[in-house]
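J.: Residue numbers (my numbering), protein chains in the order written: chain V, 1 to 379; chain F, 380 to 758; chain C, 759 to 1137; chain S, 1138 to 1516.
#1: Quick one: is residue 1440 (chain S) buried, meaning 16 or more other Cβ sit within 10 Å of its Cβ, or exposed?
#2: What is the DSSP secondary structure of residue 462 (chain F), counted as helix, strand or coil?
#3: Secondary structure at residue 1130 (chain C), three-state DSSP: helix, strand or coil?
#4: Could you spell out where the alpha helix (DSSP H) holding residue 718 (chain F) opens and where it closes?
#5: So with CB distances below 8 angstroms, who are the chain V contacts of residue 1172 (chain S)?
#6: Can you name the start and end residues of the beta strand (DSSP E) that residue 516 (chain F) belongs to?
#7: By the DSSP assignment, the alpha helix (DSSP H) with residue 294 (chain V) in it spans what residues?
#8: Going along chain F in order, which residues have a C-beta closer than 8 angstroms to the C-beta of residue 780 (chain C)?
#9: For residue 1394 (chain S), tell me which candidate among S:1411, S:1401, S:1407 has the shortest Cα-Cα distance.
#10: Could you tell me whether the region 823–841 of chain C touches the region 852–861 of chain C, using the rule of 3 or more Cβ pairs below 8 angstroms?
#11: According to DSSP, is residue 2 (chain V) helix, strand or coil?
#12: For the structure I just gave you, are there three or more beta carbon pairs, one from the region 534–547 of chain F and one from the region 747–757 of chain F, closer than 8 angstroms?
#13: Can you give me the C-alpha to C-alpha distance between residue 67 (chain V) and residue 44 (chain V), rounded to a whole angstrom?
#14: Determine whether the Cβ of residue 665 (chain F) lies closer than 7 angstroms to any Cβ atom of chain V.
#15: Leaving out five residues before and five after residue 1377 (chain S) in sequence, what residues of the same chain have Cβ atoms less than 7 angstroms from its Cβ?
#16: Using the beta-carbon count (16 or more within 10 Å), is residue 940 (chain C) buried or exposed?
#17: Decide if the region 525–539 of chain F is in contact with the region 635–650 of chain F; the criterion is three or more beta carbon pairs, one per stretch, under 8 angstroms apart.
#18: For a test of the three-state rule: what should DSSP assign to residue 1023 (chain C), helix, strand or coil?
#19: How far does the beta strand (DSSP E) with residue 1175 (chain S) in it extend, from its first residue to its last?
#20: Do we get a CB-CB distance below 7 angstroms when we pair residue 320 (chain V) with the residues of chain S?
#21: Determine, using beta carbons only, whether residue 705 (chain F) and residue 508 (chain F) come nearer to each other than 7 angstroms.
#22: Using 8 angstroms as the cut-off, can you tell me whether the region 1439–1454 of chain S makes contact with the region 655–673 of chain F, which would need three or more C-beta pairs spanning the two stretches below that distance?
#23: For residue 1435 (chain S) and chain F, any beta-carbon pair shorter than 7 angstroms?
#24: For residue 1415 (chain S), which residues in chain V fall below 8 angstroms Cβ to Cβ?
#25: Could you please give the first and the last residue of the uninterrupted beta strand (DSSP E) stretch that includes residue 399 (chain F)?
#26: Flag residue 1018 (chain C) as yes if its beta-carbon sits less than 7 angstroms from any beta-carbon of chain F, otherwise no.
#27: Nearest chain V C-beta to residue 632 (chain F) closer than 7 angstroms, yes or no?
#28: Taking 6 angstroms as the cut-off, is the C-beta of residue 1166 (chain S) nearer than that to any heavy atom in the ligand FAD?
#29: Hey, quick one: how far does the beta strand (DSSP E) through residue 1305 (chain S) stretch, first residue to last?
#30: According to DSSP, is residue 77 (chain V) part of a helix, a strand, or is it coil?
#31: Along the chain, where does the alpha helix (DSSP H) that runs through residue 873 (chain C) open and close?
#32: What are the boundary residues of the beta strand (DSSP E) that includes residue 821 (chain C)?
#33: Hey, residue 516 (chain F) and residue 708 (chain F): beta-carbon distance below 7 angstroms or not?
#34: Per DSSP, residue 1383 (chain S) is paired with what?
#35: Helix, strand or coil for residue 861 (chain C)? Go by DSSP, reduced to three states.
#36: Exposed or buried, what is residue 1117 (chain C) when buried is set at 16 or more other beta-carbons lying within 10 Å of its beta-carbon?
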């Protein structure tokens, strides 16, 4: 076995940087043999001492405080952007134009325009591009999509999802970049809402058609500045496949740590998912044995040898965690790079990133105008 | 002890008639001493042999196929309307005008106009009137309201609710009165949505302010006629107290038998409820002992001696069922009649019934126009 | 329709008396037409004013402080013994010898000897006899038995059960009759353990073969006297059908209100039950559709029209409570009386009551000697 | 920062070898700075090509088919034994006698005698020794121990645990080493039972006092040989601190993938755990706010910054998996080696491994003789 190597340049070493670095290191031996062996060439970040320590910690050969140094490095074949939202566009475009494959954290841009531009410019270069909607790579989510695609649920009537967190309920929580429009683009909408919009599209294989939305900011002033993004949003949604449902996200839900839940109802069954129990999928099938006496939602522990991604892991019942979604995601991307294959449909590419941004913008516009918005997607 | 008696005349002997008849019989000894002893004077229904059997079964002294015979009967002090929606207005108004206290099943009328008229005419007579939103009388729901009213949840940010059933998912399910606008007024909206709209108002003690809605009919033609009501609705909602959330109901959710769930998030905690586990309330409180290490949603089994309504029942852990909500509701009404007291705030009166209908109409109007509707309530 | 009547004489008006009285009243119209119409002839109890009020409350035609007055009353065809354990034998035997059918609360006697004597003397009279193991009449429990009897679980390997409560954890909880051997016979063993021993026998259709047990009293002295019964017991058990498992019960489990749970594992599937969610049965079947990808325990809401006992109640999803087990149980007994049919296998008769007592005694004996006890049943 | 290195020699590359190798690689950057940097010096296994591939996969500098080569290698400071049970004693003793610290998978030996000998010989060398009871290193389990140690549960009355799997329910499942006494020592008892015996000791900080046990083999003959170990065991147990409970394990429980559950009840509260939801701990505390109205078991998501081990991982709600227990365990061991500190109380050392084996033997002996066995521990 002789696996080729690919040099990785990572922008950002905080939450997302840690998750991606861990995934590169893990996939190299857990997905065996790996599609390509990731070589950690360089990590970029703003603060010299911190980025230096990150390089030592995660094993990058060098570090830099200037992301352009990654773009210029011929040893780097994959540029991984885990920086804040306002650092997504320029570095990613530059890297692609330098011929590097790119992965960028979600939301792709701060709004649909920026996202569209990012997509168009990167697509024009011909490199592989992946927008890091990592929850597509939860085994239970992949299983949900596969069951729906196989027709197990019949005609789909409903998709409802919510993504609830609690971390800024306290008025004493200070200003951070995620609460500022200039850096983040939006609040719960782009951060949490983008995930569930993407999951609706992914598990059903369809697009959002129209939205009626409502944004709300509960606390306008925090220590360190004014909040100019949404704390929560609510939406009634129609999908292109005829399904209808609700979408909502909030950072003001005490007790909900990372509560991304969704449910799909179809003519032959239903399924539901909860990220806080990510090894499980609830499945109800109308026509399952042994007849009407023992019907009900099953708690499927998605850890069997036959389950998605499970060839990499452990015997049944030996669960995985949140971080493993990144292992699956980067394994998927490296495979596409190796094979010159498609990132889609299981990976979200930059067009997906753009389309989700278009839906987010539509929800925000609907909130302002009070009108239902038919989502129009640009090419 | 000498408890006064009150004669009861019941319209309808099917699902709701059975539930109400059972409640009258049960409260007479389980809520001891009862506020008033209900005497089952007469039951009315359309089909002679069936209503005759219902009278024998539930112990009504007589039966009739003409509801006017109840209105004319001086032995009847309480008129109970458990008939289909198009039989709510005329009999209930006539009974009130004949001086009888009235209880009417939900939805009060088939739309806001009919509901408003019903309320106004009945209120003018001075009798007690109760709209049978029985889920207010689930012990866990009452506890939720009491905790919110006591400030246990602090400032309330969110109310989200859904009411999901599965019973018409099968295209072979035939036409019934609940699927026709002329008799039912609306579909899932008035039947299921009315319950969760009322619960949002009740548990938070506020009103719905604005709605953006979406109605959908998945199957237009059934054996026996055309469906001209909604199979499902979705809505993004703002409340007068500043809370926002989603509301939805559907009869197309396989595996969801009677899945009324709601969740409230506030600055100091959260709670959630599921009608399929009606003896439980999930409660999360930010400041509960013993500090940050052991926080989380508690599964409160609402069966303690101190819990609402529990003085009537059993030792802790010996659960009650769906039917008991009617026992509590009628006990509440009889108490108000005996004491000439208020039906509100724990009981929904006809003004509540009307206000819910106004919200339902607003959701339907928003679905048609695509515009957010500010709900305007008439006096 | 002309249903015959049967006169009921009830001994005891407290917890069990209330549950039985409610059941007689309810079954008369909810199980329609009832097998026999129960006529509440008389209630007996020790305290004149309380038994008088109970008669008024539940509608007994008369009351008495002497149970012999029930035995002597020719209007009484069914003697219902809901008194404390030391009042089970003499009144029940006397009633049977007077030709009355009998139902007696569990445990049948205070030990195996008393229970055997009770059974033998009553059986000799030829009347119907039922020992009130009411949890056999939970719909989910009946369904469990029917599935096992139908072979849905294949060969059965395990039965494990526990019955946990919390009510005497507080050392300040005073002495009551249930904590005294003279009146109660035993503690958690006979009160709670008897239920799960009976359920193991019932759902598997087998007998307990051998037991290794351990009894424990955590608090010996309470206000009002010394505790001379067990607070908890633990046992490893072998059944006649080859299954093995554990049984345990305790009144020292904070947070466990009425936590009777059991699980059965067989070669083709498993099922589990929790009394605090009595409308549900967890079912796992190895060979259920759609293959290995979506296997898992199903939460079956046992409220469908096809489910046991459900012909008496409500549409699917409209749950029942603890008290309904008594309605089913007494309906079953009245049917057996009307038809001169068998109480068994779905009802526990006095032989069942005796056999359970024999197992309880064996557990206590094993606790004393430290030796495994093969349970020997007398005829 | 300059962290010292420690050379690791691993025996076994299958299930446990993979889990340990992953943990060494992960802790090097996730627990930052690591106590010692593990250097993967060599891996040993029986099959040349497989062990060679394992070395490439996990990054060991060399491989060998002779474990003595590890013992002889001066570059190895820590010998990690992940081989089958009959390969625990000799290599581990040899390594310790060569001055290497040792970690050995559980069960320590195949019986108490072998385990005692292993402990004694290794202890005599003065190296650090850890028996890999990895479930002690689940954050929720550590939290359980800390709460009990802090007195949050008061006096402890009960510990009950079960460990259920399903993997040999199928009679067609062939003979493997785990089903043979010569290699495995025992069946479910030593493999699964050892874990829950150790957890009872660990979370309560006490020892098992006496046991009454029952072993059972459901299928004696399999393709490839005769099964001479237990398929399941059941036990009633008394602990030295006065608590009583049941212990059981089985590999014949369809639907139970890796269902290690335990519950502790004390005078002030209860807690329970389920390995299939290892990020959660159920906690009930009698005296928690806000008084009696909202008491109940809390689902604590053990992912807060303040929770055990969580300094290494992610923001709250971003769960970890089964494999992370090994990261925590090896981090603990490396810290003890670096600091010349105690492996106990949070780590199980070889004395713990021996004591658990003594309990296992007692259960087996009790099963044979039918007598309760007081467990006697040797020094």
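By construction, the Cβ of each residue, glycine as well, lies at the ideal position given by its N, Cα and C atoms.
What you are looking at is a predicted structure, and each value in this text was computed from that prediction instead of being measured.
T.: The relevant details are as follows:
#1: buried
#2: coil
#3: coil
#4: 703–718
#5: The contacting residues do not exist; residue 1172 (chain S) stays about 14 angstroms from chain V at best.
#6: Element bounds for residue 516 (chain F): n/a, residue is neither H nor E.
#7: Looking at the DSSP string, residue 294 (chain V) is not in any alpha helix (DSSP H), and its letter there is neither H nor E.
#8: 405, 408, 409
#9: S:1411
#10: yes
#11: coil
#12: no
#13: 6 angstroms
#14: yes
#15: 1343, 1344, 1346
#16: exposed
#17: yes
#18: strand
#19: 1174–1181
#20: yes
#21: no
#22: yes
#23: yes
#24: 319
#25: Taken as a continuous stretch (DSSP letters only), residue 399 (chain F) belongs to no beta strand (DSSP E), being part of the alpha helix (DSSP H) at 394–409.
#26: no
#27: yes
#28: Absence of the ligand FAD is noted for the structure shown, with no ligands found whatsoever.
#29: That residue, residue 1305 (chain S), is in no beta strand (DSSP E); it is neither H nor E in DSSP.
#30: coil
#31: 870–883
#32: 820–822
#33: yes
#34: S:1373
#35: strand
#36: buried
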